[in-house]
Ligand code: FRU
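In my numbering, the protein residues as written are 44 to 551.
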């Protein structure tokens with residue numbers, strides 16, 4: 044009961060939170076609560092799970108431990124939104140049980156009622172997730188993870204676990220988790236991508252209850268510094284050539300090139316059985332060049348008339364996620380992004396862009412042409428900042444975002460690289476490598492920069508999303524200005540304060 048009261052109290056606090064510095068600074072619990080990013084009301088959150096769209100609502104589930112701000116017995120937390128930006132928290136959807144914790148997974152709208160859990164008139168929603176048995180893990184056996192299902196007959200609001208779980212038992216593999224399922228209409232079957240240590244297994248099923256192995260991918264492809272997790276396989280049309288590619292996202296932790304966690308992707312073909320990558324086995328492509336976008340996957344059941352592939356990532360890194368200085372809650376999601384394919388340098392690459400719904404948060408923009416740009420300009424700590432640049436050769440272009448306490452994050456563009464620095468960003472001593480510079484090689488020069496700045500994060504979209512970098516930081520006071528070392532390269536800057544969407548009423 045006591046816990047319920049605290050939950051309700053913090054829920055109200057979180058929902059009424061405005062992106063206003065004054066309000067936030069006075070509460071130590073809320074100090075780092077983002078203005079417009081999704082966070083759990085209290086407690087611990089990691090991966091986004093089970094995302095689907097149904098009856099005008101985007102459902103989001105997430106790895107959740109409400110009793111602590113560090114990882115623990117995993118539940119599926121739940122929230123819904125009409126517009127991907129204002130979220131309404133809902134009761135926990137799935138609790139741990141005798142088979143174990145509820146690890147990551149997906150949910151599908153079973154339109155044809157293949158599972159028999161609903162009817163054609165009222166299709167069931169089926170969640171497919173990993174049960175993780177901690178006793179077995181502690182006992183050192185390799186059978187601690189298996190795949191189970193739960194179904195909902197009220198559009199995803201309440202859930203029943205299937206009586207005959209698991210639906211896919213463990214064949215004796217330590218890492219065997221994170222099922223992501225979609226309907227493969229040409230062959231009228233469900234496909235499950237499953238992370239199995241150092242590769243992905245693809246299974247198929249006609250009814251979501253019985254699964255057979257189709258193929259394996261990845262033993263010799265991509266990055267293998269750590270364990271493969273949270274796969275997602277989906278088709279994407281290249282808007283320029285109208286060619287359909289299949290994209291496979293694979294998160295990896297630990298051992299990503301910049302330390303800890305990161306998400307790689309493969310572009311290729313899928314024939315209902317086998318995924319074939321187009322790039323060379325040794326070549327790794329990364330979804331995000333920053334250190335704080337992990338375990339991200341895409342929404343299912345988006346109507347064809349919309350056609351977008353919408354992505355949400357967990358905006359943290361296992362390297363330090365459990366020690367960051369937020370209080371009462373931990374972690375947020377990225378802004379929702381759409382994924383696209385574009386040809387660059389003769390090969391298809393993944394482009395990420397903010398969803399258009401973000402525009403509903405925009406307040407009055409100030410656009411400043413080059414001759415009027417001052418070296419220091421005031422901003423809100425929740426802002427969209429669009430900068431057009433024409434960098435002079437052999438001259439670094441440097442800008443920072445900071446506060447009066449000399450805390451800042453900085454971006455340095457050389458002719459071939461970008462260095463992102465957070466070593467003076469405020470609290471950094473909670474983890475040894477947090478202050479390291481993130482150095483990126485640039486294949487081509489950057490001409491447009493769009494920054495989504497929130498109290499503790501920046502999501503940078505370069506050249507309209509050809510390159511994306513997501514980074515977190517913890518200043519002791521909100522950042523409130525942007526400063527250019529030399530304004531010469533800046534052709535235009537538009538600064539748009541973003542208001543918190545969390546007060547908007549949710550329409551059912
Ligand atoms: C990824 C992950 C998943 C797992 C979940 C447990 O961050 O490790 O592989 O299902 O988190 O919370």
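Built from N, CA and C at the ideal position, the CB exists for glycine as well.
- Sorting 98, 223, 534 and 157 by C-alpha distance to the C-alpha of residue 413 places 534 at the top.
- Just so you know, the alpha carbons of residue 150 and residue 92 end up roughly 8 Å apart.
- Under DSSP, residue 405 shares a beta bridge with 541.
- Shown here for residue 160: same chain residues with a beta carbon closer than 6 Å to its own, the five before and five after excluded, namely 167 and 194 in chain order.
- By alpha-carbon distance to residue 80, the top candidate from 484, 419 and 380 is 380.
- When rounded, the separation of the alpha-carbon atoms in residue 138 and residue 279 is 34 Å.
- Given a length threshold of 3 residues, each whole run of the beta strand (DSSP E) inside the segment 403-484 is given here in chain order: 409-412, 419-421, 426-432, 440-445, 451-456, 460-464 and 481-484.
- Beta-bridge partners of residue 189 (DSSP): 174.
- Distances between the C-beta of residue 375 and the heavy atoms of the ligand FRU are all 7 Å or more.
- Summarising the contact set, residues whose Cβ lies nearer than 6 Å to any heavy atom of the ligand FRU are, in chain order, 89, 90, 106, 117, 146, 147, 173, 220, 221, 272, 273 and 338.
- According to DSSP, residue 126 shares a beta bridge with no other residue.
- Using a Cβ distance threshold of 8 Å, residue 218 and residue 183 do not count as a contacting pair.
- Rounded to the nearest angstrom, the gap between the Cα atoms of residue 209 and residue 147 is 15 Å.
- One Cα belongs to residue 313, the other to residue 88, and the distance between them is close to 32 Å.
- At the C-beta level, residue 344 and residue 306 stay beyond 8 Å of one another.
- DSSP places residue 283 in the coil class of the three-state scheme, outside both helix and strand.
- Note that the C-beta distance between residue 350 and residue 292 is not below 8 Å.
- Beta-carbon to beta-carbon, residue 372 and residue 86 are separated by about 6 Å, close enough to satisfy the 8 Å threshold.
- In terms of Cα proximity to residue 213, the closest of 497, 263 and 180 is 180.
- In its chain, beyond the 5 residues on either side, 179, 213 and 215 have a beta carbon closer than 7 Å to the beta carbon of residue 186.
- For residue 451, same chain residues with a beta-carbon under 7 Å away, outside a window of 5 residues either side, are 443, 444, 445, 467 and 468 in chain order.
- In this structure, DSSP gives residue 183 a state outside helix and strand, which the three-state scheme calls coil.
- Beta-bridge pairing by DSSP links residue 246 to 235 and 256.
- Residue range 390-397 is occupied by the beta strand (DSSP E) that includes residue 391.
- Annotation: the continuous beta strand (DSSP E) that includes residue 87 extends over 86-97.
- By alpha-carbon distance to residue 542, the top candidate from 419, 145, 405 and 511 is 405.
- Excluding residues up to 5 positions away in sequence, 394 lie with their Cβ nearer than 6 Å to the Cβ of residue 383 in the same chain.
- Bridge partners of residue 500 according to DSSP: 497 and 515.
- When 283, 251 and 456 are compared, the shortest CA-CA separation from residue 491 is found for 456.
- A distance below 8 Å separates the beta carbons of residue 498 and residue 75.
- Look at residue 520 here: in three-state DSSP terms it is coil, with no helix or strand label.
- The three-state secondary structure of residue 365, taken from DSSP, is coil.
- Going by beta carbons, residue 289 and residue 276 fall inside the 8 Å limit.
- Counting along the chain, residue 220 sits inside the beta strand (DSSP E) bounded by residues 220-227.
- Straight through space, the alpha carbons of residue 269 and residue 303 are spaced by roughly 9 Å.
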